[in-house]
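Engineer: First to last, the protein sequences are chains A and B. For the first sequence, my numbering gives the first residue as 298, with consecutive numbering after it. For the second sequence, my numbering gives the first residue as 298, with consecutive numbering after it. The beta carbon of each residue, even a glycine, is placed where N, CA and C say it ideally should be. What you are looking at is a predicted structure, and each value in this text was computed from that prediction instead of being measured.
There are 2 protein chains.
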Amino acid sequence: MVSSIAELISDRIGTMPAGERRAAQTLIANYPLTGLKTVAEFSAAAGVSSPTILRFVARLGFQNYPEFQSALQDELAAQLQSPASRTLNPSSAGGAVSPMLEATLDNMRETFRHLTDRQLADIATRLAERRGKTFLIGGRFTDPLARYMAAHLAIIQPDVYHLAGQESIWRDRLIDMGKRDVLVIFDIRRYQESLVRFAEKAHHRGVQIILFTDQWLSPIARFARHVIAGRTAVPSAWDSSAALFVVVETLIGAVTRQLEAAGAKRMRDLESLR
Amino acid sequence: MVSSIAELISDRIGTMPAGERRAAQTLIANYPLTGLKTVAEFSAAAGVSSPTILRFVARLGFQNYPEFQSALQDELAAQLQSPASRTLNPSSAGGAVSPMLEATLDNMRETFRHLTDRQLADIATRLAERRGKTFLIGGRFTDPLARYMAAHLAIIQPDVYHLAGQESIWRDRLIDMGKRDVLVIFDIRRYQESLVRFAEKAHHRGVQIILFTDQWLSPIARFARHVIAGRTAVPSAWDSSAALFVVVETLIGAVTRQLEAAGAKRMRDLESLR
DNA sequence: GGGGCGCTGTATCGAATGTTACGTATTTTG
DNA sequence: CAAAATACGTAACATTCGATACAGCGCCCC
């Protein structure tokens, strides 16, 4: 049984020709508002012609476009009257919402529960007001997080470097690091020996280390000035870095805010360079 | 200042003549759906004539009926996109939780609400059972997501390539791509022209494109076989890719499950290589 | 490589919608 | 109580919308 039109669409989207599929995707992307507009507007949004929209609607089993819109409105009416149902995934008629999503949301809540605003603010301040350089590095699966953070930080402040490539390459960068510098390390299970060694050496050079790790704490925690422990357990063969990802985004936002004056000017300068 | 049309109405309902007041009450009674219907239906519901509805709308300050409907739709769009705005009460959060976290959690719920299990399963199957190669590429800020996905997929199946570096480099890789191949693209605002061009060319070569984008849909959606639209709005200077990140992890998990037999063997082989 | 099929856009038509003019009813005011 | 002003509905109008026929195009299969 099909309870919602969205479900109906995703059932049949596989059997649709390209044009109608584009219509379907645009509708799903911000459901159901696009369907409430006129055919012309709908077709423009989807980048197809009006007849394609009508064929799309016909394929879903509606006699005409107004009938389709009425169905959408009825659905919307039901939703608006019981806001609680909005949090449920319609496809979860069986009851099971994506267990992956549930676990991830829990991980985030739990991660932030163990993270005080004070801690976040302190770390943000250290990243914003450091007098030296900022280096970022990650492990096998967490390196993208380091990259993501570096990509943003590098825009709002100078001297941000992501350490990539072979171990020998970034090991040699140690020579540039000193007390005024900050090193952001991402390391979750299984902890990488090379990263631990690197962290230890950096620590001895007086570098301030900010560590992103999992709840079991990488051995690097011994050398770290700040430690962020994210929950990683999900019903999957892999650990999840999503909670850490959100912490990263939160920090990026906080640092940006602190550097608002200086950062804004810098961003304008960058814009003008393009 | 009047933030919503409902407010505007209750402000002026006192100064309205009887007929228009009935219109106003009918609209408020099940707001805003009645306003989205036609003038004839609206008038019938309110028990007045069409011109009365139009006069009512004019009194609210709208030039014509379509303009009034557009305003209602915009308002509805804003509501639907941030469910937090309605449920947002600080006490239920149990203390000062980061608004950044709240918005992110909402984004994820909303993203998955627009994503049926069927869609995810279809995409996972395409990634798992493709007969050719898998290519991944991302934009300025989303490239780390492509890397993250590639890092995992490359472990459980062969022929997974992340396209990085200069445009000319991955443009040349087009020559290796064909009908049996899959191209995963990440592109959120502001959409990158170079990626669009790349996607178009790949599409013409018959490559199956899986697109990760935001709710406003990158122009690449025109060429994509599958589109995943994630919510990105957060109280920050930057857009959030966290929702897309979770979808990525979910897909990685699903593909891994599908390839369990083959993948497990492959992972054991990899282990023994170390 | 050729023939057939299916998909898609352009142009056109009919219908339904929003809009306006005008006459009647109702209320308000002197 | 009378007269004016306002409100309201009926009916005709113009516009926009949804629907359809048709031709071009690409694609797949033989």
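Identify, in the order they occur along the chain, each residue of the same chain with its Cβ nearer than 8 Å to the Cβ of Met313(B), setting aside the five sequence neighbours on each side.
Structural biologist: Contacts found: Ala321, Phe353, Arg356.
Engineer: Any beta carbon from chain B within less than 8 Å of His411(A)'s own beta carbon?
Structural biologist: No, His411(A) does not count as interfacial toward chain B.
Engineer: Only counting the same chain, and skipping five residues up and downstream in sequence, which positions put a Cβ closer than 7 Å to that of Trp513(A)?
Structural biologist: Here the set comprises Arg486.
Engineer: Just to confirm the assignment, what range does the alpha helix (DSSP H) spanning Leu471(A) have?
Structural biologist: First-last for Leu471(A): undefined, no H or E at that position.
Engineer: Give me the chain A residues within the contact set of Trp467(B), using Cβ-Cβ distance strictly less than 7 Å, ordered along the chain.
Structural biologist: Simply none; closest approach about 17 Å.
Engineer: Could you please give me the residues that DSSP links to Gln505(A) through a beta bridge?
Structural biologist: Gln505(A) pairs with Val479(A).
Engineer: With a Cβ-Cβ cutoff of 8 Å, do Arg563(B) and Ile453(B) count as a contact?
Structural biologist: It is a contact, given that the beta carbons lie within the stated cut-off.
Engineer: Nearest chain B C-beta to Asp566(A) closer than 8 Å, yes or no?
Structural biologist: By this cut-off, Asp566(A) is not an interface position.
Engineer: Flag Gln322(A) as yes if its beta-carbon sits less than 8 Å from any beta-carbon of chain B, otherwise no.
Structural biologist: It does: the Cβ of Gln322(A) has a partner Cβ on chain B nearer than 8 Å.
Engineer: Between the Cα of Ser462(B) and those of Asp478(B), Ser347(B), Arg437(B), spot the shortest distance and give me the residue it belongs to.
Structural biologist: In the sequence as presented, Ser is not what sits at residue 462(B); that position holds Gly. Answer by Cα proximity: Arg437(B).
Engineer: Less than 8 Å separating the beta-carbons of Met397(B) and Ser533(B)?
Structural biologist: In contact: Met397(B) and Ser533(B) (Cβ atoms closer than 8 Å).
Engineer: Let me check understanding here. Comparing Cα to Cα, which of Arg309(A), Val524(A), Glu557(A) lies closest to Asp419(A)?
Structural biologist: That would be Val524(A), whose Cα lies nearest to the Cα of Asp419(A).
Engineer: Would you call the segment 418 to 435 of chain B and the segment 431 to 446 of chain A touching, i.e. three or more CB-CB distances under 8 Å?
Structural biologist: No, the segment 418 to 435 of chain B is not in contact with the segment 431 to 446 of chain A.
Engineer: Quick one: which chain B residues come within Cβ less than 7 Å of Gln370(A)?
Structural biologist: Leu330, Leu333, listed in chain order.
Engineer: I'd like to know if His449(A) contacts chain B, where contact means its C-beta is closer than 8 Å to some C-beta of that chain.
Structural biologist: Yes, its Cβ sits closer than 8 Å to a Cβ of chain B.
Engineer: What does Gly462(B) reach in chain A if we use C-beta pairs closer than 7 Å?
Structural biologist: Per Cβ cutoff of 7 Å: no residues; Gly462(B) is ~12 Å from chain A at best.
Engineer: Apart from the five residues on each side of it in sequence, which residues of its chain come closer than 8 Å, Cβ to Cβ, to Tyr445(A)?
Structural biologist: So the qualifying residues of the chain are Phe542, Val545.
Engineer: Figure out for me which residue from Gly316(A), Gly429(A), Asp536(A) has the closest Cα to the Cα of Val345(A).
Structural biologist: Nearest of Gly316(A), Gly429(A), Asp536(A) to Val345(A), Cα basis: Gly316(A).
Engineer: Counting only Cβ pairs nearer than 8 Å, list the residues of chain A close to Arg423(B).
Structural biologist: Result: empty, since nearest Cβ-Cβ is about 10 Å, beyond 8 Å.
Engineer: Considering only residues of the same chain and omitting the five flanking positions on each side of Arg309(B), which have a CB-CB separation below 6 Å?
Structural biologist: Excluding sequence neighbours, Arg309(B) sits near nothing in its chain.
Engineer: Determine which residues share a DSSP beta bridge with Ile434(B) and list them.
Structural biologist: Answer is Ile482(B), bridged to Ile434(B).
Engineer: Whose C-beta lies closer than 6 Å to the C-beta of Thr408(B) among residues of the same chain, with five residues either side of it excluded?
Structural biologist: Cβ neighbours of Thr408(B) beyond the five flanking positions: Gly527, Arg528, Ala540.
Engineer: Apart from the five residues on each side of it in sequence, which residues of its chain come closer than 7 Å, Cβ to Cβ, to Ala499(A)?
Structural biologist: These residues qualify, in order along the chain: Leu471, Met474, Leu480, Ile506.
Engineer: Closer than 7 Å, Cβ to any Cβ of chain A: which residues of the segment 358 to 369 of chain B, in chain order?
Structural biologist: The residues in question: there are none.
Engineer: Tell me whether Asp566(B) is buried or exposed, calling it buried when 16 or more other Cβ atoms sit within 10 Å of its Cβ.
Structural biologist: By the 10 Å Cβ count, Asp566(B) comes out exposed.
Engineer: May I ask which residues mark the beginning and end of the alpha helix (DSSP H) holding Val354(A)?
Structural biologist: Taken as a continuous stretch (DSSP letters only), the alpha helix (DSSP H) holding Val354(A) covers 347 to 356.
Engineer: Residue range of the alpha helix (DSSP H) that Ala315(A) falls in?
Structural biologist: Start and end: 315 to 326.
Engineer: When the cut-off is 8 Å and only beta carbons count, does Ala404(B) lie next to chain A?
Structural biologist: Note on residue identity: the sequence assigns Asn, not Ala, to residue 404(B). Judged by the 8 Å Cβ criterion, Asn404(B) is not in contact with chain A.
Engineer: Answer with buried or exposed for Ala327(A), where buried requires no fewer than 16 other C-beta atoms within 10 angstroms of its C-beta.
Structural biologist: A small correction: the amino acid at residue 327(A) is Asn; Ala does not occupy that position in the sequence shown. Answer is buried; the Cβ neighbour count reaches 16.
Engineer: Any idea if Lys430(B) is buried or exposed, counting beta-carbon neighbours within 10 angstroms, 16 or more meaning buried?
Structural biologist: The residue in question, Lys430(B), is buried, as its Cβ has 16 or more Cβ neighbours within 10 Å.
Engineer: Could you have a look at Asp308(B) and say whether DSSP puts it in helix, strand or coil?
Structural biologist: In this structure, Asp308(B) counts as helix in the three-state DSSP scheme.
Engineer: Assign His523(A) to one of three DSSP states: helix, strand, or coil.
Structural biologist: Three-state DSSP puts His523(A) in a strand.
Engineer: Hey, Phe483(B) and Thr439(B) are a contact pair by Cβ (cut 8 Å); roughly how many whole angstroms apart?
Structural biologist: Contact flag correct, Cβ pair sits at about 4 Å.
Engineer: Under a CB-based cut-off of 8 Å, is Ser569(B) close to chain A?
Structural biologist: No, Ser569(B) lies away from the interface with chain A (no Cβ there is under 8 Å from its Cβ).
Engineer: Please list, in chain order, the residues of the segment 530 to 549 of chain A that have any C-beta partner in chain B closer than 8 Å.
Structural biologist: Correct list: Val531, Pro532, Ser533, Ala534, Trp535, Ser537, Ser538, Ala539, Phe542, Val543, Glu546, Thr547, Ile549.
Engineer: For Ala342(B), collect the residues of the same chain with a Cβ closer than 7 Å to its Cβ; drop the 5 residues on either side in sequence, then sort them by chain order.
Structural biologist: Counting only Cβ-Cβ distances below 7 Å, and skipping sequence neighbours, we find Thr323, Thr331.
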